[in-house]
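Visitor: Got a structure for you, questions after.
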Amino acid sequence: MSEETTNNKDFATRLIHFGAEIDKTTGASSVPIYQASTFHHFDLENPPEFDYSRSGNPTRQALEDYIAMLEGGVRGFAFASGMAAISSAFMILSAGDHVICTEDVYGGTYRLLTTILNRMNIGTTFVDMTDIDEVKAALRPNTKAVFIETPSNPTLKITDIREVAEWAKENGLITMLDNTFMTPYHQRPIEHGIDIVLHSATKFLGGHSDVLAGLAVAANESMAVRLKMIQNGMGSVLSAQESWLLMRGMKTLKARMEASEASARRLAEWLSQHPGIDKVYYPGLADHPRREVHEKQSLGYGAVVSFDVGSGDKAKQLLSKVNIPLVAVSLGAVESILSYPAMMSHASMPREVRLERGITDGLVRYSVGLEDIGDIIADLEQALK
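For the sequence shown, the numbering used here puts the final residue at 407, and the numbers step up evenly by one.
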């Protein structure tokens, strides 16, 4: 199937028919796993497309073309983890550069910026990106990039993607956006002006808690060339086996996201009426701040619901009493996962910084899986008692 024909199909069809779904050599219904580190040169005057798997592997290439097509970018890149993808994107910057970043960003990104990139003289200003004036006020002569997470993790704050992207372009800044929560099924940031889209593909794209992977998509060829140089030079690439597993998971993305989101909406409504819950964060709730902005740039609300039970003690009690969800780091799987940001995803963030960003000791994050929503609610009901 040609690229033009593929891109004209509905998203659900493109998930299955993405251009490499049938092996052209054998007709196999699955991309072959090229478990090879190196490739023979039949003709030294005409080097092969693939010569060494760090630089390129046919299985990984199929995945990279797949995510580029879904996000509407020119080229995709697969990395060993979500943080490997994010770290590699930041390697576009140089010593002395400055970044403007979403303030309640994922803890791993916060750790990278504040404990590693700062040692390389790359500075960061964290701002509330729901306020474009705060974003503009953070601009410095050496600012080179804006890093966006929307909805943010874990308080699900909404940034107006197009508004920030247009301002960034006016000032010659690179824009990067972590699209892990929404996936390209719900949100395609390149269509709103973003230069680099990033994913922890470990989450919703993989969907089965069995593969660690990161993806990046470049919006234009010049950015793609820079990312390719970094991917090849640093070598934190995804293996052929993991690439194949990730493609298998991605084929069911629409079905999984629709089912999980429908349950998440019911869970958020139920939690918002529960007397033991102080606050619920979910873009699908009528009173969620900037819901109208989210609806303008996203086709759905996602499957992550965060809520505050009032204290760290109550949160730990809840975590010890639930029976259905995994109590674990991560999200976006077929099984529900209940996380405690203060001690898990945002443990690297100092407590006073967490509290400033609304990540309280009583906040928990529920990634809704494919279990029956009645059972999920009944389980939470008994645990909250």
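We treat Cβ as the ideally placed atom computed from N, Cα and C, and that holds for glycine.
1. Tell me A100's beta-bridge partners as DSSP assigns them.
2. Near S22, what residues of its chain come up, given a Cβ to Cβ distance below 6 Å and the 5 sequence neighbours on each side ignored?
3. Looking at C-alpha atoms only, which residue of T172, P176, L85 is the closest neighbour of R184?
4. So the candidates are Q319, L402, A355; which of them puts its Cα closest to the Cα of R210?
5. Output the distance between the C-alpha atoms of W266 and D300, rounded to the nearest integer angstrom.
6. Measure the C-alpha to C-alpha separation of F40 and S77 and round it to an integer number of angstroms.
7. K338 lies in the alpha helix (DSSP H); which residues open and close that run?
8. Can you give me the Cβ contacts of V410 inside the same chain, cut-off strictly under 8 Å, excluding the 5 residues immediately before and after it?
9. Can you name, in chain order, every residue of its own chain whose Cβ lies under 8 Å from the Cβ of I381, other than the five neighbours on each side?
10. Going straight from the alpha carbon of V327 to that of V390, what length do you get?
11. Measuring alpha carbon to alpha carbon, tell me which residue in Y132, A106, L260, N242 is nearest S59.
12. Could you give the uninterrupted runs of the alpha helix (DSSP H) lying entirely in the segment 228-277, keeping only those of 4 residues or more?
13. What's the call for M279, buried or exposed, on a 16-neighbour Cβ count within 10 Å?
14. Does the Cβ of E264 have 16 or more other Cβ atoms within 10 Å, making it buried, or fewer, making it exposed?
15. Grab the span of the alpha helix (DSSP H) containing L85 for me, first residue to last.
16. Which ranges does the alpha helix (DSSP H) cover as unbroken runs of at least 4 residues, wholly within the segment 35-80, from first to last along the chain?
17. For M23, is the classification buried or exposed, using 16 other Cβ atoms within 10 angstroms of its Cβ as the cut-off for buried?
18. What does the alpha-carbon distance come out to for the pair T27 and F72?
19. Where does the unbroken beta strand (DSSP E) through D200 begin, and where does it stop?
20. Applying the 10 Å Cβ sphere with the 16-neighbour rule, what's the burial state of E188?
Guide: According to the data block:
1. The residue given as residue 100 occupies position 78 in the sequence shown. DSSP lists L237 as partners of A100.
2. Beyond the ends of the chain as shown, which are 23 and 407, falls residue 22; an answer cannot be given.
3. One-based indexing of the sequence shown puts residue 184 at position 162. When each option's Cα is compared against that of R184, the closest is T172.
4. Residue numbering aside, residue 210 sits at position 188 when the sequence shown is read from its first letter. R210 has its Cα closest to that of Q319, out of Q319, L402, A355.
5. Here the question's residue 266 lines up with position 244 in the sequence shown. Here the question's residue 300 lines up with position 278 in the sequence shown. So the two alpha carbons sit approximately 43 Å from each other.
6. Within the sequence shown, the letter at position 18 stands for residue 40. Within the sequence shown, the letter at position 55 stands for residue 77. C-alpha separation (whole angstroms): 22 Å.
7. Numbered from 1 along the sequence shown, position 316 holds the residue referred to as residue 338. Where K338 is concerned, the enclosing alpha helix (DSSP H) stretches over 334-343.
8. In the structure as shown, the chain starts at 23 and stops at 407, and residue 410 therefore has no counterpart that could be examined.
9. As a first step, residue 381 must be located in the sequence shown, where it is residue number 359. D126, P176, T177, P363, A364, H368, M371.
10. One-based indexing of the sequence shown puts residue 327 at position 305. One-based indexing of the sequence shown puts residue 390 at position 368. Cα to Cα, the separation comes out at about 8 Å.
11. As a working note, residue 59 is residue 37 in the sequence shown. Nearest option by C-alpha distance: L260.
12. 243-256, 262-272
13. Residue 279 sits at position 257 when you count from the first residue of the sequence shown. Classification of M279: buried, given that the 10 Å Cβ count is 16 or more.
14. Counting from 1 along the sequence shown, the entry for residue 264 is found at position 242. Its Cβ being crowded by 16 or more others within 10 Å, E264 is buried.
15. Within the sequence shown, residue 85 is the residue found at index 63, counting from 1. 80-93 is the extent of the alpha helix (DSSP H) around L85.
16. none
17. Here the question's residue 23 lines up with position 1 in the sequence shown. Note that M23 scores a pLDDT of 40, beneath 50, so its modelled location is shaky; the value from the coordinates is reported in the next line. Classification of M23: exposed, given that the 10 Å Cβ count is below 16.
18. To locate residue 27, count along the sequence shown from 1; it is residue 5. To locate residue 72, count along the sequence shown from 1; it is residue 50. With a pLDDT of 48 at T27, under the threshold of 50, the modelled position of that residue is not reliable, and the figure given next carries that caveat. Roughly 26 Å between the two C-alpha positions.
19. The residue you call residue 200 lines up with position 178 of the sequence shown. Taken as a continuous stretch (DSSP letters only), the beta strand (DSSP E) holding D200 covers 196-200.
20. Residue numbering aside, residue 188 sits at position 166 when the sequence shown is read from its first letter. Exposed, since its Cβ has fewer than 16 Cβ neighbours within 10 Å.
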